[in-house]
Every structure is written in structure tokens, then in C-alpha cells.
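Please read the structure below before turning to the comments.
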Amino acid sequence: MLAYHKVRSSKNLSFALCGLFLLSSLGYAGDDGLAKSLTGFNYNETTFMKSLGIRFGGWSEIGFTGNVDDPRGGKNGAVTFNDGANEFNLHQAYGFIEHELDIQGDSWDIGFRADLLYGTDARFSSATNFDTNVLDTDKRRQLVFPQAYVDIYMPIGNGVVAKIGHFYTIIGYEVVPAPDNFFFSHAYAMQYGEPFTHTGAMLSYAIDDNIVITGGVVTGWDANFKQPANFLGGVTYTTDDERTSLAASLITGDVETNGLNNDHNRTMYSIVLNHDLTDNLHYVLQHDMGIEEKTSLAHSAKWYGLNQYLLYDILHNLGAGLRMEWFRDEDGTRVNGVGDHFIGVTGGLNYTPISWLTIRPEIRYDRSVNNQTFNDGKDDDQILLSISGIFRF
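Read in order, the letters of the sequence shown are residues -29 to -1, 1 to 364 in mature numbering (1 follows the signal peptide of the UniProt record, and there is no 0).
Encoded structure:
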């Protein structure tokens, strides 16, 4: 399976090219990155870096989203991440440093990872009381630190791995880092129904070759501290032939509400099924559901949805994909304040012509059943024509 109208302002493209140049200084991420392809040199392969066990990495993603309606407000309705209509954007200038954990031996081991993200995607990945206002000069392009954690391997039983710090969620299918998604745009469930990051401590344990369990305590959704403790956990089952996997995850706990003396509970779960129909054809089914208790300032809330993905490997470096989704914001608390059904159909390609570049064109159709959500509140549907390029360093 593969890894994964007018332009409103030329300023956005300048930002993107500038970001691409700046991120190149992080460089040398992987054997097939841009730096090695152009120079033949990879800093991570030096004797010094190997002796430290440290690896640097990074990429830059530049994208354009065309909206057939050309809305005067410049927004793509309820679609986030690539929410700007008919404009180029630097979505991600991403860098990381890590010491990978050795989980194969019989000795204790300590690793770490720290990530940095700049661009228009960063504002969706910020954490309350942590990195929401690192840069306050441009509200659309932010600088955040989505991960900063230490992990510890303990040779107990089959091996226990502890992760302590700030890290991405285990919930759902789609993720923030661009190279790990087939599509450029994101599903409604990921945008509105799931957390992005957590702060806390997690333990993972492989019961056998098929089952892995994970559980721990985190400070709620997308928050650093000053939030009540929540339970976050999950279990993953993979068949012996590795053609099918099933992952179930859950987060539950109180949420601090401004202006209230009492916290209230929020609980959501996600179930993701992956299955290889053939060696080249892959299917993913995802179901999410969340509920939040009533408070004196807001009524109770419920949201749920169903996503399906069909991905086909045409060649070793070319894939085609189809995503069909339905998201129900029953009480209007997750999307735009009004209860509605959101339907999306996305078709696209994932093409890697050279080792350090992935191109992702797509066409997306969105519809809101009960309200006029798109084209500045004039239409109940829209068509987006988008493309992004991911440059790995």
C-alpha cells in the first residue's frame, strides 16, 4: 500500500516558497529526502548521528484549493485545514527530532520526540494553555508544538512502552502530519468530532502478535494542563496474515467549562477497520460517536458519523482513492451552531514521481442536508478542486 478561478494573493505563494527554503535547513529526513537526492549526503547517516541514535526529519506541504463558487468571503464553508477558497497556502512546514525507542531487546531504553509545525494547518493542532499564541501576528499561520514526549521501554512480559508528555491522539483514522494521509483534505469526523493532541501518560502492551492494548490518563482534548483528567485507551487486533486490522479507541472524562462551578462529562469512541481486499485494493471503514453532558450554559450534545475509504495501488508510486463520508452534528455544537447532516465524497490521486515529492490532486463534493452552509451561506453544496505537494527533506 502506498505511503501516503483566480488566486487571491501572490503573498501566499511567497510564504509557501519561503517556508520551503527555511525548512530545508532541518534537512536530511530519511534515505530518500530532497537533501540526499540533490547532494548525495544524509546527515542522519553520519557516524556521529548514528552513535547518538538521533534523527532529524521534516517536510513542507504547499496546496491550492479551488472553489467553483468563488465565495466572496474566501472560505470553503465547513471544510477546515484547506479552508481558503481559490488560494495557495503553506499548509505545513514540519520538522522533528527523535531518538527511536529500541523495543526488541531485554534492556530498558529511553527515547524522545519533539515536533514543530508552522503553517495554516497549525491553528487546528494547537493546545490550550500551551501553544495557542506563539505567533499572534497572523491568525491563519501559526507555530505550534504538536508533540514533545519521552517514551520508555520496560522489559516486562512482552514489553511495556510508556509515553509521557504531549502527543497526537490515538483516536480515528486521519492524522495531522500530511505524509500519513492519502487525501489532501480531511473528513468531517476528523475535523469536528475528534481530538488532535493530548498531554499526559500512556502505557502500551502487546498481549501477543495480534493484540495490542493502550491506556492512560490525559488532560482532555487539545489541552496542556488546567483541564480535568480523562481516560484515553484503545485496543488493536491484527490478523496473522496482516491483511485485516480492527482498532477501537475511547476517551472519557470531565471537561472544564468557563463560567461554571461544575465540570461535565464528554465521551467519544472511534472504531476503524482496515482490510486488504487484494494486494493492491484496500478498504477502510470508520465509525465515530461522541456525547457531551448538558450544562447550565449549553444543552447536551451528540455527534456521530461513518467514513469509508477505497484505495487502489495502480503502480508502486501511484494510487487512486475514494472517500465517502457522513457526519451528523445532531445538536449543532460541533460545526456551525445548527444541527445538520454533512455528506462528503472525495476522489483523488497520490503520486510520487520522485522519492522526495508526493503530489495529491483531488475533487471533493460537500453537501449539508438542512442548511445553506457553503458559498457564504447561499448554497447547500459545493465542489472543490484541490492539489497539494509534499516535499520531504
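For each residue, glycine too, the CB sits at the ideal point set by N, CA and C.
Under a Cβ-count criterion, where at least 16 other Cβ atoms within 10 Å of its own Cβ denotes burial, should A158 be classed as buried or exposed?
Along the sequence shown, one-based indexing puts residue 158 at 187. A158 comes out buried.
Alpha carbon to alpha carbon, how far is A177 from K7? Give it in angstroms, no decimals.
One-based indexing of the sequence shown puts residue 7 at position 36. One-based indexing of the sequence shown puts residue 177 at position 206. Approximately 36 Å between the Cα atoms of the pair.
Is it the case that the Cβ atoms of G55 and L355 are separated by a distance below 8 Å?
Your numbering for residue 55 matches position 84 in the sequence shown. Your numbering for residue 355 matches position 384 in the sequence shown. No, the Cβ-Cβ distance between G55 and L355 is not below 8 Å.
Mind the definition here: the segment 306 to 324 touches the segment 129 to 137 only if three or more C-beta pairs lie below 8 Å; say whether that holds.
Because the criterion of three Cβ pairs below 8 Å is not met, the segment 306 to 324 and the segment 129 to 137 do not touch.
Along the chain, where does the alpha helix (DSSP H) that runs through T18 open and close?
Position 47 of the sequence shown, counting from 1, holds the residue named residue 18. Residues 18 to 23.
Which of the three DSSP states is assigned to A194 in this structure?
Mapped onto the sequence shown, residue 194 falls at position 223. Reduced to three states, the DSSP call for A194 is strand.
Take G1 and list the residues in its own chain whose beta-carbon comes closer than 6 Å to its own, dropping the five residues that flank it on each side.
The count along the sequence shown starts at 1 and reaches residue 1 at position 30. Because the pLDDT at G1 is just 40, under 50, the model does not fix this residue reliably, and the value given afterwards should be weighed accordingly. Counting only Cβ-Cβ distances below 6 Å, and skipping sequence neighbours, we find nothing.
Could you tell me whether the segment 56 to 66 touches the segment 85 to 103, using the rule of 3 or more Cβ pairs below 8 Å?
Judged by Cβ distances under 8 Å, the segment 56 to 66 makes contact with the segment 85 to 103, as three or more pairs qualify.
Given a threshold of 16 other Cβ atoms within 10 Å of its Cβ, counted over all protein chains shown, does W79 qualify as buried or as exposed?
As a working note, residue 79 is residue 108 in the sequence shown. Its Cβ having fewer than 16 others within 10 Å, W79 is exposed.
Would you decide whether D337 is buried or exposed? Buried here means 16 or more other CB atoms lie within 10 Å of its CB.
As a working mapping, residue 337 is identified with position 366 in the sequence shown. Per the 10 Å Cβ criterion, buried.
Less than 8 Å separating the beta-carbons of P150 and R363?
Along the sequence shown, read from residue 1 onward, the residue named residue 150 stands at position 179. Along the sequence shown, read from residue 1 onward, the residue named residue 363 stands at position 392. A contact, by the Cβ cut-off of 8 Å.
Whole angstroms are fine: how far does the CA of D122 sit from the CA of S(-5)?
Position 25 of the sequence shown, counted from the first residue, corresponds to residue -5. Position 151 of the sequence shown, counted from the first residue, corresponds to residue 122. Note that S(-5) scores 37 on pLDDT, short of 50, meaning its location in the model is unreliable and no value can be drawn from it.
Which of the three DSSP states, helix, strand or coil, is assigned to Q343?
Residue mapping note: residue 343 aligns to position 372 of the sequence shown, counting from 1. Note: Q343 maps to coil in three-state DSSP.
Please state if the CB of N245 and the CB of A49 are separated by a distance shorter than 8 Å.
If you number the sequence shown from 1, residue 49 lands on position 78. If you number the sequence shown from 1, residue 245 lands on position 274. Against a cut-off of 8 Å, the Cβ pair of N245 and A49 comes out as no contact.
Just to confirm before moving on: does the CB-CB distance between G319 and F155 stay below 8 Å?
On the sequence shown, residue 319 is found 348 positions in, with the first residue counted as 1. On the sequence shown, residue 155 is found 184 positions in, with the first residue counted as 1. Yes, the Cβ-Cβ distance between G319 and F155 is below 8 Å.
Does DSSP put T10 in a helix, a strand or coil?
As a position in the sequence shown, residue 10 is number 39, starting the count at 1. DSSP places T10 in helix when its eight states are reduced to three.
Using a Cβ distance threshold of 8 Å, determine whether the segment 255 to 265 contacts the segment 277 to 290, with at least three qualifying pairs required.
With a cut-off of 8 Å, the segment 277 to 290 and the segment 255 to 265 count as touching, because enough Cβ pairs lie within range.
Just to confirm, is the Cβ distance from G24 to E58 under 8 Å?
The sequence position of residue 24 within the sequence shown is 53, counting from 1. The sequence position of residue 58 within the sequence shown is 87, counting from 1. Cβ atoms of G24 and E58: not closer than 8 Å.
Among the candidates G204, G136, R335, L217, whose CA atom is the shortest distance from the CA of E296?
Taking the sequence shown and counting its residues from 1, one reaches residue 296 at position 325. Looking at the Cα atoms, R335 is the closest of the given residues.
Secondary structure at R94, three-state DSSP: helix, strand or coil?
By 1-based counting over the sequence shown, the position of residue 94 is 123. Here R94 sits in helix by DSSP.
Looking at V189 and T170, is the spacing between their C-beta atoms short of 8 Å?
Reading the sequence shown from its first residue, position 199 is the one you call residue 170. Reading the sequence shown from its first residue, position 218 is the one you call residue 189. For T170 and V189, yes; Cβs fall inside 8 Å.
My assumption, with CB atoms under 8 Å, is that Q144 sits in contact with V243. Please give the rounded CB distance.
On the sequence shown, residue 144 is found 173 positions in, with the first residue counted as 1. On the sequence shown, residue 243 is found 272 positions in, with the first residue counted as 1. The amino acid at residue 144 is misidentified as Gln; the sequence shows Tyr. Y144 to V243, Cβ: 5 Å. Contact.
So, for K197: in the same chain, excluding its five sequence neighbours on each side, which residues have a beta-carbon less than 8 Å away from its beta-carbon?
Counting from 1 along the sequence shown, the entry for residue 197 is found at position 226. Contacts found: T99, N100, T190, E227.
Please name the residue, chosen from S216, Y322, V105, that lies closest to I358 on a Cα-to-Cα basis.
Stepping through the sequence shown from its first residue, residue 358 is reached at position 387. Comparing Cα positions, the closest option is Y322.
In the DSSP assignment, the beta strand (DSSP E) including A172 goes from what residue to what residue?
Along the sequence shown, read from residue 1 onward, the residue named residue 172 stands at position 201. Run containing A172: 168 to 177, per the beta strand (DSSP E) assignment.
Using three-state DSSP, classify P117 as helix, strand or coil.
On the sequence shown, residue 117 is found 146 positions in, with the first residue counted as 1. DSSP places P117 in strand when its eight states are reduced to three.
What residue range is occupied by the uninterrupted alpha helix (DSSP H) comprising Q162?
The residue you call residue 162 lines up with position 191 of the sequence shown. First-last of the alpha helix (DSSP H) with Q162: 159 to 163.
Taking the straight line between their C-alpha atoms, what separation do you get for R305 and S22?
Walking along the sequence shown from the start, residue 305 turns up at place 334. Walking along the sequence shown from the start, residue 22 turns up at place 51. One C-alpha to the other measures close to 48 Å.
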